[in-house]
Every structure is written in C-alpha cells, then in structure tokens.
Amino acid sequence: PAMASAQTALASQLAPTYLSQARRSRYPSLIYEEPDASDISLATVQQNALEGWEELCTRDPRLLAGPTTLLSATSTNATNRRLLSAEENRALSANIGTLLRLLRPHFLHPSAHKVLEYLIRRYQVQQYNVNEVLGCALPYHSTNIFVKLIRLLHLKDTMWDFLSPAGRAGTPLPRTVLAQRCLVDTGFLIFVCQTAKQSSGLKSECSAMSSFYTTLVVEALQTCKNVSSDLATRFLPFILHGLSLNIGRDYRAGTLMIIATLIHRVQLSDQVLDDILEGLAKSSSEMLEEVLLLMVQIAHTQLKPHAVFPYRAFTHLARQPALVSILADMGNSVRLEPLLAPMMAALSQRLFAHENYRKLMISIIRQLPIGPLLPALLKALLSLMQDESTSASATTDVGKAESILSTMDELIAAVRDRFPRER
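Set out below in structure tokens:
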C-alpha cells in the first residue's frame, strides 16, 4: 500500500509536466520554435496572417482576388480535417491551392510566412495539402525557409519522400537533386510542368516559377542519357501552352529554351514537329526574332532534305510584316538556307493562292541570301507555271493565264535584278 501510495503521488506530480509538454509540442510551426508555438493562440496566428496578407496585397494587388475567407474564419478552433466529408475536403483544398498559388511569388517575404503559419495551424496543410504547399515553395528549394518547411510536411509514402533526407540534414536542396529526380520519376516532372503552367498567364505569371521550371527541365534534358520520343510527346502539351496567347514573357522564353534543348536531344516525330512549328508560327508576333532563330535550329536538326514547311505553320508565319526584314538582319550572322529552303518550297506551292504570297516571294528574292537555293527555286517556279498554265487552258480562263504570266515575269525580273550574272 505504501508503494502504491508513493506511485500515485509521483504520478500526480508528473502529470502537469507531461500535460505541459504535450501542449507545448502540439503545434508544428514554420515561424516559431516548436515548444513556443503552443503558447501562441490561434487567434494571434490568424491576426498575424491577416496583417501579413494585407501587406502582400499592397505589394501585389492581384492577391485581392484571393479566397480570403480562409483567413477570416470565425471559429476559435482549428478545422478538424478528419471530420470533413471527402467533398468538403476537396472544396477546402481547392481554395487552399488557389491561395498558395497567389502566395508563390512572395514565398520568401516574411508576411507570406505568417499566412503559411496560419494555414498550418488551422487547416493542417502540412498533412492534407503537401502537393499544394510544395507547388508554392519548390522554386525556392535552395533557401533555409524551404528546408524548415519540408521538415513539417508529411512526406512519407508520397512522391516527395526523396526530400526527407534534406529535411533531416537541415541543408538546402541542390537543383541537381531535383533534375535527377525528373529522370527517375515522371510524375514529379509532370507535377513541375503542371505547376508552372498554372502560373504562366500574362496577368498571373510567377517569374520565379517560370525560371525554376525552365532551368530544371533544361538541366534534366541535358543530363538524360537517352531522351525518348515518348518523353518529348509528354512535353508537347506544355510546350504548346507556352506558345499560346496571353502567356507571360518569362514562361514563353522558357518554352523556347526547352524546345531548343529538346531538338538537339531527340528526333521528333513529324506530327510533333508540325505542332511545334505551328505553335511557334502562331506566337511569332510576340518574339519574332527569337522564334525565327529557333526555327533555323529546328531546320538544321530536324527537317529532312527537300522538306516543305508545314502548311498551317507557314500560313501563320507568312502574315508577319517584319518576317523578311528580320531574316535579312539574321542572314548577316546565321546560315539561313536550311530554313529558307522549306519555306520557299511551301511558298512556291501557294504562290497563286493569294496576292500576299507573290509579294512575299518577291521580297525574299530581293532581300534574302537565296543564292545557293536559286536553281531549285527556278525549277519549282517553272514547274508551277506549267501546272497553272495547263489548268488555266483546261478551263479557258484567259484572265488567270494572263495573271500567271504577269506574276512569272515579275518574279523573273526580280531574280535578274538580284542575280544579274545568272542570266
């Protein structure tokens, strides 16, 4: 009995200590040391988050459209995610994802840390929204705050488990580790591509994410021993997105860099190549000189001899008013024949389809370095004239026949003026 009484007394003395330790280790924290975090009430963490959000909104008005209801919840208790239905958790996660995407450009700012602290405390995002949190933080993988964050995340049995060693070591994560991960885990690579795509809009671009995405993908492609055509096909949706309208300049420039790397690592299928060239041609008004330089590289590495420039890509490119003048400037330092040959082949086939094509051909003859291509051009023009004349004769279309002769006379005159010694 005496022994039992002594044990009871000891347990009663130790109980407050155990309870205090339990309370003090209850809350994971990004900002505070863990023992101190439990001394900070949820109301205080929430008030700090609201003040931090207001500060970020003054820096970036785009944040005003964010789901601020997450920050202004009135409950004094944390949300128990286990008690929510699957549908309620999906809706909550969608709002959290939106908020974190808005937060991504400002991840290094102390005010953003206040918001993250609140999301951790109230919504347990370190457990239920690991993908969304890392989508926000990944561009900053080499910083100490990123290391502190991944220490809080539930990474076990997820595709992010490879980050655990960096968290345990407490050291920043080199980009080479992430690039190597891209090579062994396609799911991770696609996640990075999709996350960058989310922040690629003209009005919503996160430059840090675009830069991280570009650098990581380029490094992965450069270090991969064998880039397969299947991998190139997986990249295609993201490449085409990067060439569409209303895309941020950094993301678009990054897309051009990725294409430039890809075409030197794998032979693309005809369909993939056609899609990329069409996307480039459509986007050419934004960065025409860069697009044309990339097309020259594609022509050097991908187009087969005697290839004809894809029809849809050519029609978009031919509409660019500055096309010939920029190519003329490039011709002083870049060998253009591999690009001009398929372009002129496509142009020859459509010479009589529209007046603009005739004007474009004359400008090319007069301004661009087509000397080595002249025999093929004259042969194509002669063949075209014969075909069109035969067609006009068959339909007794006198006006068409006269138009053909007039066009050919004009083209021949342009050739003679440009190459008088070739007469």
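If you want this note's numbering, it's the position in the sequence shown, counting the first as 1, plus 15. A virtual CB, placed ideally from N, CA and C, is assigned to each residue, including glycine.
Straight-line spacing of the CA atoms in L332 and L78 works out to 38 Å. DSSP places I278 in the coil class of the three-state scheme, outside both helix and strand. I55 sits in coil when the DSSP states are folded into three classes, being neither helix nor strand. Rounded to whole angstroms, the Cβ separation of S298 and Y266 is 11 Å, and the two are not in contact under 8 Å. The DSSP-derived three-state label of G216 is strand. Every alpha helix (DSSP H) stretch that sits fully inside the segment 110-150 and reaches 4 residues is listed by chain position as 125-138, 140-143. V148 is positioned such that its CB atom lies closer than 8 Å to that of Q141. Between the segment 232-239 and the segment 193-203, the count of C-beta pairs closer than 8 Å reaches three or more; the two stretches touch. The beta carbon of L170 sits closer than 8 Å to those of V145, D176, L178, S179, G182, all from its chain and outside the five residues before and after it, given in chain order.
Annotation for H256: K212 place their beta carbon closer than 6 Å to its own, counting only its chain and skipping 5 residues before and after. Uninterrupted beta strand (DSSP E) stretches at least 3 residues long and entirely within the segment 272-326 do not occur.
The C-alpha of R334 lies about 37 Å from the C-alpha of R116. For I262, the pairing in a beta bridge is given by DSSP as G216.
The continuous stretches of alpha helix (DSSP H) do not include H156, and DSSP gives it neither H nor E.
Between the alpha carbons of M359 and R381 lies a gap of roughly 13 Å.
For the options M224, D245, L362, N110, the alpha carbon positioned closest to that of F122 is the one of M224. Per DSSP, reduced to three states, the secondary structure at H331 is helical. In the three-state scheme derived from DSSP, where H, G and I count as helix and E and B as strand, L45 is classed as coil.
Counted as a single uninterrupted DSSP element, the stretch harbouring P76 is not any alpha helix (DSSP H), since DSSP gives it neither H nor E. If the five residues before and after C72 are omitted, its C-beta is found closer than 7 Å to the C-beta atoms of L78, L79, all from its own chain and listed in chain order. In this structure D75 is exposed. Its beta-carbon is surrounded by fewer than 16 other beta-carbon atoms within 10 angstroms. Excluding the 5 residues flanking it on each side, E132 has same chain C-beta neighbours closer than 6 Å at L45, I46, V60, in chain order.
In this structure, P353 and H315 form a Cβ contact; the two beta carbons are roughly 5 Å apart against a cut-off of 8 Å. Under the three-state reduction of DSSP, H369 is assigned to coil, being neither helix nor strand. If you check the CB distance, L292 and A328 come in under 8 Å.
With distances taken between CA atoms, P384 lies nearest to R433 out of E403, T422, K394, R433. Look at C208 here: in three-state DSSP terms it is helix. A Cβ-Cβ separation of about 6 Å places L362 in contact with L375 under the 8 Å criterion. Under the three-state reduction of DSSP output, I377 falls in the helix class. Here L309 is not near A268, since their CB atoms are 8 Å or more apart. Pairing Q312 with I341 gives a Cβ-Cβ distance that is not under 8 Å. Taking each of V339, L355, L57 in turn and checking the Cα distance to R136, the smallest one comes out for L57. In the displayed model, P252 falls within a helix according to three-state DSSP.
In this structure C221 is in contact with R119, their Cβ atoms being roughly 5 Å apart against a cut-off of 8 Å.
With a 10 Å radius around the Cβ and a threshold of 16 neighbouring Cβ atoms, V162 comes out buried.
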